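This report concerns only the one structure given below.
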Amino acid sequence: MLTIKRFYLHNRLRNYNYCLVDEHNQALIIDPTDADLSIRFCLEHNLTPTQIWITHEDLDHYLGANQTSQHFNIPIHCPFKMTSLFHQATGYKQGDFLEFNEFRFNIKHVPGHTPLHHVFLEQDQRWLICGDIVFNYGMGKVRQDQYSTMFDAILWLKNIKDDCVFLNAHDYDLDNLFFAKTLQPNNIELEQLSNNIKQLAEIDRPLTTIGQQKQFNPFFNTAHSAIIAAVSQQSLPSNSELDVFTSLRKWRDTF
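For our numbering, add 72 to where a residue sits in the sequence shown, where the first one is 1.
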């Protein structure tokens with residue numbers, strides 16, 4: 073079994089960093105932002121890192137990779153076009169898989185947030201390492217007008233098992249819930265969820281599942297009548313689910 077360990081960086085981008093740890097305290101490091109913090113975290117928790125995985129080319133997801141890799145003398149796995157950034161790197165592509173001990177993760181290319189963005193889905197759909205594609209109750213920004221590509225990524229996510237836990241790369245929980253409540257102001261469950269999250273420090277805010285996103289994340293619910301109505305009231309396009317998705321993301325960008 074894997075244990076998910078994470079720490080919160082208290083930086084401008086509100087990053088979470090993660091290690092996946094097996095029963096022998098061997099660790100897989102995901103998207104290290106700050107090398108000193110990553111190294112200290114592993115040492116304080118008696119972890120033995122064996123590899124680093126990089127999801128995409130945003131600097132806050134790989135800035136600490138080289139130093140961390142050199143400190144522990146471990147390889148970095150990253151998209152092929154990123155291998156020149158690292159001193160000890162192996163490239164991957166769509167359809168490949170990565171293994172951490174007995175655990176296998178399938179790799180899917182999901183461009184839209186960035187051209188090289190990939191996610192890692194454990195073969196039994198127990199865990200999803202998702203980078204910046206989906207956050208708790210929200211999603212990553214769309215770049216280069218790749219709205220249809222990002223919409224396809226959300227449709228793919230919706231087909232994952234409900235109990236799949238995903239690793240949320242940033243703490244945008246309250247901002248995302250505030251936006252979701254704006255779309256559905258009469259949703260009592262959203263209000264209760266927001267109040268519960270407010271009581272928790274960033275490091276204590278729970279990991280969520282794909283099923284919870286299907287329930288509460290507006291970007292997973294572009295066919296919901298209340299969300300379509302909210303988009304229409306803003307005089308934004310809403311003739312199709314892609315229209316609603318695009319309108320929601322553009323609205324969220326300026327919210």
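Each residue gets a CB set at the ideal place from its N, CA and C atoms; glycine is no exception.
Since the model is a prediction, treat every value here as computed from it, not as a measurement.
Grouping DSSP H, G and I as helix and E and B as strand, with all else coil, what is residue 99? strand
Considering just the uninterrupted stretch of the beta strand (DSSP E) at residue 163, what are its terminal residues? 161-164
Residue nearest to residue 75 in terms of C-alpha spacing, selected from 314, 97, 259: 97
Would you tell me roughly how many angstroms separate the C-alpha atoms of residue 286 and residue 205, rounded to the nearest one? 15 Å
Compare the Cα-Cα distances from residue 148 to each of 104, 187, 85 and report the closest residue. 104
Between residue 302 and residue 255, is the Cβ-Cβ spacing less than 8 Å? yes
Specify, as a first and last residue, the run of the alpha helix (DSSP H) that residue 176 falls within. Element bounds for residue 176: not the alpha helix (DSSP H) but the beta strand (DSSP E), 175-181.
Which stretch, first to last residue, makes up the beta strand (DSSP E) that contains residue 149? 148-151
Using 8 Å as the threshold, is the C-beta distance between residue 320 and residue 278 below it? no
Within the stretch 234-282, note down every full beta strand (DSSP E) run reaching 3 residues or more, in order along the chain. 237-239
According to DSSP, which residues form a beta bridge with residue 211? 206
Same chain, Cβ closer than 6 Å to residue 155, neighbours up to 5 away in sequence not counted: 161, 163
What's the gap between the Cα of residue 310 and the Cα of residue 327? 18 Å
Assuming residue 221 and residue 167 form a contact by the criterion Cβ under 8 Å, report the distance between their Cβ atoms to the nearest whole angstrom. That pair is no contact at about 17 Å.
Within 8 Å, strictly: CB atoms of residue 189 and residue 179: no
Under the assumption that residue 306 contacts residue 323 (Cβ atoms under 8 Å), give the Cβ distance between them as a whole number of angstroms. 6 Å
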